[in-house]
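One structure is given here, and the rest of the page talks about it.
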Amino acid sequence: MTEFSIVELRKLHDVACNVARIAGNYLREDQLRRRKVALTTREKLNSVDLVTAADEGVEKIIKDSILKEYPDHAFIGEESYSAGQEKRFLLKDGPTWIVDPIDGTVNMVHMFPMTAISIGFCLESIPTVGVVFAPFLGGQGTLYSAIRHPEGGAWLSEFGPDGPSTPLPLTSPPPPLPADAPKGCLFFGEYGKDRRDSPQSNLTKKAANFVNMATEIGGRGGKGGMVHGIRSLGSSTMDMVYVASGQGDIMFEAGCWEWDVCAGIAILLQTGGIVVDSNPPTDLKDSDPIPMANLGGRRYLAIRACSEDVNGRSPRAQQEALVREVWKRTERLDYQRPV
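Note that the sequence shown covers residues 1 to 339 in the UniProt record's numbering.
Rendered as structure tokens:
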């Protein structure tokens with residue numbers, strides 16, 4: 001087993017933050033150039049699955065910088081992975097960086113600021129350090145980061161990677177979950193890139209799930225969740241960090257990949273949140289503890305951190321109860337990858 005001390009993890013964290021700053025500056029300059037030169041895009045899966053020269057440029061900056069500092073570490077990046085035909089889960093137990101150079105490429109194409117650079121670091125296949133930089137949010141960008149360790153922490157800097165930081169979650173201690181959750185929760189989810197039109201498509205099921213969560217209690221055959229609102233930001237990375245910060249309660253996502261969520265999961269878990277499979281395990285009993293999501297499973301249900309409620313329920317008990325309530329109101333989604 002590979003072990004890293006808190007000193008080593010802090011260095012990893014600082015390296016990732018610095019690389020995110022450099023990559024973010026590249027993106028900001030690229031957006032300024034767009035005022036004079038049109039942006040060129042290519043389609044991957046379809047017209048909502050885009051890649052730009054900036055995606056590839058940012059990944060090269062990040063990969064070269066990290067491997068210069070840590071040449072013996074493995075690296076998995078979205079653009080280099082997508083360029084090949086191999087869709088298996090490639091993560092091994094050794095030190096591995098998992099990177100999405102631009103999560104929210106469609107947003108960037110439309111100059112919508114919900115675009116993030118996601119840099120995750122795994123040990124023993126577990127997200128351990130997470131850095132998410134949104135270069136177009138705030139005057140100097142907004143940085144979310146975490147080190148998963150008893151002496152670590154999770155932080156938000158709204159003035160770029162070099163600015164002062166605020167501990168996450170933003171409210172301390174975090175409030176209990178709403179007593180009738182999901183009623184009263186803020187729910188994040190994405191439509192995804194699978195746009196096939198059929199009664200059993202993932203798109204059709206996702207749309208039904210969103211309606212279920214929004215409908216009044218008792219509606220939709222008892223599936224109505226009456227959430228406060230549904231937010232679709234166009235970036236699962238940003239969805240995850242908003243839940244980690246306590247600015248949202250639930251993230252329900254499927255169809256994304258490990259580079260979309262690795263850094264965000266590290267941040268969420270360090271704050272006290274949980275992430276499980278958005279499909280309920282078929283053999284799970286009501287009394288069984290709910291296992292953590294498989295990083296490569298492509299389905300994720302995240303619940304924010306919380307404190308003990310007025311009835312004495314522990315944070316974990318509240319979170320698992322909410323997970324089961326979400327499962328009751330959502331249809332199973334089918335996203336596969338080779339084994």
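Note that beta-carbon positions come from the ideal geometry of N, C-alpha and C, so glycine has one too.
State yes or no: is the C-beta of residue 254 nearer than 8 Å to some heavy atom of the ligand GTP?
With respect to the ligand GTP, the structure shown offers nothing to examine, as it has no ligands at all.
Let's test the definition: count the other Cβ atoms within 10 Å of the Cβ of residue 217 and tell me whether it reaches 16, buried, or not, exposed.
exposed
For residue 334 and residue 255, the rounded distance between their alpha carbons:
Those two C-alpha atoms are separated by around 8 Å.
Nearest by alpha-carbon distance to residue 275: which of 282, 294, 29 is it?
294
Among 302, 314, 8, 212, which one has its Cα closest to the Cα of residue 176?
314
The beta strand (DSSP E) that contains residue 251, what's its start and end?
250-254
Check each candidate in 152, 229, 169 and name the one with the smallest Cα separation from residue 184.
229
Report the residue ranges of all alpha helix (DSSP H) runs contained in full by the region 100-136; include only those spanning at least 4 residues, in chain order.
105-109
Is the beta carbon of residue 24 sitting closer than 9 Å to the one on residue 147?
no
Can you list, in chain order, the residues of its chain whose CB lies under 8 Å from that of residue 267, leaving out five sequence neighbours each side?
130, 132, 144, 145, 146, 154, 168, 240, 241, 244
If you check the beta carbons only, do residue 237 and residue 211 fall under 9 Å apart?
no
Using a Cβ-Cβ cut-off of 8 Å (strictly less than) and excluding sequence neighbours within five positions of residue 202, which residues of its own chain qualify?
192, 194, 196, 254, 255, 333, 334, 335
Is it right to say residue 64 is buried, meaning 16 or more other beta carbons lie within 10 angstroms of its own, or is it exposed?
By the neighbour-count definition (other C-beta atoms within 10 Å, threshold 16), residue 64 is an exposed residue.
Own chain, CB closer than 7 Å to residue 273, minus 5 neighbours either side, in chain order:
243, 244, 302, 303, 304, 305
Under 9 Å between C-beta atoms of residue 258 and residue 120:
yes
Is residue 141 near residue 233, with beta carbons less than 9 Å apart?
no
According to DSSP, is residue 46 helix, strand or coil?
Unreliable placement is indicated for residue 46, whose pLDDT of 46 sits below 50; no coordinate value is reported for it.
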